[in-house]
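Everything below concerns the one structure shown next.
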Amino acid sequence: MLIEGWQWWSFRSAIAPVLATIISFIYAIYILAYPPVHKKLSMFLLAIPVFYAFTYHLSIAPDYMLSDTFGRFLYIWYGHMSYEVTILEFAPALGKENDNWKTRVKLAWRVLFDRNHKPPPAPTPTAQELKRKDSAQPDSADTTITTPPHHPHHPRQPKMTHTPTGTHYHHNYTYLRFTAHHLTQLILLISLLTLHDQFRSSRYGPPSHNNSQTLNSFFRRLPLSLHASELYHRAHVCFEWTIISLFEYEFYYSLFALLFVSILRTDTPSQWPLSLCGHINTSWSMRQYWGRHWHNYIYRSFTAHTQVVTRRWLGCKRGALGTRLLENTIVFAVSGVMHSLVKRVQDPGGEMWAITWWYVAQMVPIVVEGVVQHYWKKGKKWMGVEGENKWVARGELAVGYVWVAWWFMWSVPKYSALKDDWTMKRMLRRWEKEHGALEKMSLGNETE
């Protein structure tokens, strides 16, 4: 969080990407307020300023973390806009009495960054229709997202309601309470991030670690791989990838929540959830970590685009195991490619595809979890564990948290080691190619 790039950054270098971003927002509001006939063409036109801003996102600020977050925000937001324009085909809900440009722009603004936006549900069937169809109440997932109030795996979450004008969050926070919440969170997070920076530079910080050792299998090196120094390094890497990254993103989220709700008053508290990501205590499995916690803010747009491919184009059956596996794999692959593009822009000469493979590999623990949970349910039934046993549920949570932590402690250092190894090999191949070309030039000069 410390600004360390003043020596190379200049205000002039930030003007072009900032202007491109502003143009993107203005055009996005326009196509939301006045839905175009040629929707794909409008998205292509929107991609031009977004791509330019993304290409030069490192020039946006002297702080690398802020610039990096801005670059990732751009492609996530563009995916959201594609979801709004081409899939939801958003159109302002207007009546004859309020059909004017101000109302259109206001309604467009409400969904411009609404990551949980979806169409409102169909009207509830009448009693006669319910009897005729012999059906139960409509699926509540179409109107609200709730969790069972007492299930140990699903802590209580505020509901959200989907309306034609956007998502409304039922946390019942007033302006004053909303401001106090995010201001407190802002101060707390910046304090924790500063404390972490101080800790890293102290003598108690994580020890230096040779990534080449991590290339060798953790299991084949047992028991040497259980050395305290290596475990400390792995735990710290896991902590930075999960907790510190969460703190940084939530810090920026609270900052913008205060800006748009408390200062500018362009939004109301009910239009902003209290956090960017889902609650960390939902991460008792890798599926929960990605689905309910970390990927909470890209879930709808990425999933909707994936379902267009699998269900409309490929004709995959909804709810089938193969369909779910394919859709999850595509979402992780797309997310990985997006991260690779960021790597490409930030370091053109470095290795960019290792992160894509790491994201695709997240399907491995998810599949393993599915198999284990299937047989564990059978095992509980065989052992006579019926219903929701409090102690069994707590044991399941403990095992789940350890499993998630172990996966990150193993996979992230493995990714870092592979990335460094592939980068060195790429640099070596480039050097050999350039060296060979120089030798040919020198031989040619000698023969002349």
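For the sequence shown, our numbering assigns the number 126 to the initial residue and increments by one for each residue that follows.
Every residue gets a Cβ at the ideal spot worked out from N, C-alpha and C, and that includes glycine.
For LYS442, does the three-state DSSP call read helix, strand or coil?
coil
GLU476 versus GLY525, VAL462, MET488, VAL489, residue with shortest Cα-Cα distance
Comparing Cα-Cα distances from GLU476 to each of GLY525, VAL462, MET488, VAL489, the minimum goes to VAL462.
Once the 5 residues before and after TRP134 are set aside, which same chain residues still bring their CB inside 8 angstroms of it?
SER184, ALA186, PRO187
With a 10 Å radius around its C-beta and 16 neighbouring C-beta atoms as the bar for buried, classify ARG240 as buried or exposed.
buried
Close beta carbons around GLN262, own chain, < 6 angstroms, minus the five adjacent residues each side:
Unreliable placement is indicated for GLN262, whose pLDDT of 37 sits below 50; the coordinate value is still reported in the next sentence. Answer for GLN262: no residue qualifies.
Taking only the alpha-carbon atoms, compute the straight-line gap between HIS560 and THR548 and give it to the nearest angstrom.
18 angstroms
I'd like to know whether the C-beta atoms of VAL236 and THR290 end up nearer to each other than 9 angstroms.
yes
CB of THR286 within 9 angstroms of CB of HIS293, strictly
yes
Selected residue, minimal CA-CA separation from THR393, among VAL456, LEU301, PHE198
LEU301
Using CA atoms only, rank isn't needed, just tell me which of PHE344, ILE369, ARG346 is closest to LEU320.
ILE369
CB contact flag (TRP532, THR391, <9 angstroms)
no
Same chain, Cβ closer than 6 angstroms to MET206, neighbours up to 5 away in sequence not counted
Within the same chain, MET206 has close Cβ partners ALA153.
What does the alpha-carbon distance come out to for the pair MET534 and SER350?
12 angstroms
Output the distance between the C-alpha atoms of HIS307 and LEU191, rounded to the nearest integer angstrom.
19 angstroms
To which residues does DSSP link TYR294 through a beta bridge?
MET285
Once you ignore the five residues that flank VAL537 on each side, which residues in its own chain have a CB closer than 7 angstroms to its CB?
VAL362, CYS363, TRP366
Is the beta carbon of ALA79 less than 9 angstroms from the beta carbon of VAL230?
Residue coverage of the chain in this structure runs from 126 to 573, which leaves residue 79 outside it and unanswerable.
Let me know the secondary structure DSSP gives GLU476 once reduced to three states.
Correct three-state label for GLU476: coil.
GLY495 - DSSP class collapsed to helix/strand/coil
helix
What residue does the alpha helix (DSSP H) around ASP322 start on, and which one ends it?
Taken as a continuous stretch (DSSP letters only), the alpha helix (DSSP H) holding ASP322 covers 300-326.
Relative to the C-alpha of ILE405, which residue among LEU399, PRO398, ARG417, TRP397 is closest?
Of LEU399, PRO398, ARG417, TRP397, the residue nearest in Cα terms is ARG417.
Name the two residues that bound the continuous alpha helix (DSSP H) containing ASP193.
189-207
Please confirm if the stretch 447-456 is in contact with the stretch 483-500, defined as three or more CB-CB distances below 8 angstroms between the two stretches.
yes
Alpha carbon to alpha carbon, how far is LEU311 from VAL524? Give it in angstroms, no decimals.
Rounded to the nearest angstrom, the two C-alpha atoms are 32 angstroms apart.
With a Cβ-Cβ cutoff of 9 angstroms, do TYR422 and TRP483 count as a contact?
Contact: no.
Cα-Cα, which of ILE140, ALA141, SER138, TYR200 is closest to MET168?
Comparing Cα-Cα distances from MET168 to each of ILE140, ALA141, SER138, TYR200, the minimum goes to TYR200.
Enumerate in chain order the residues of its own chain whose CB-to-CB distance from MET411 is below 7 angstroms, with the five nearest sequence positions on each side excluded.
GLN487, PRO490, ILE491, GLU494, VAL529, TRP532
Sub-9 angstroms separation of VAL470 and GLY196 beta-carbons
Yes, they are a contact pair.
Quick one, are the C-beta atoms of ARG425 and TYR208 less than 9 angstroms apart?
yes
C-beta contact flag for TYR329 and LEU399 at 9 angstroms
no
Pull up the CB-CB distance for LEU314 and PHE376, whole angstroms please, since I reckon it's below 8 angstroms.
Indeed, because the Cβ distance is near 4 angstroms, the residues count as touching under 8 angstroms.
When TRP226, THR228, LYS515, PRO244 are compared against GLU214, the one with the closest alpha-carbon:
Restricting attention to TRP226, THR228, LYS515, PRO244, the CA atom closest to the CA of GLU214 is found in PRO244.
Beta-carbon proximity check, THR448 vs ARG436, cutoff 9 angstroms:
yes
Check each candidate in LEU446, LYS544, HIS499, LEU401 and name the one with the smallest Cα separation from THR481.
LYS544
To the nearest angstrom, how far is it from the Cα of LEU383 to the Cα of TYR374?
14 angstroms
In three-state DSSP terms, what is SER400?
coil
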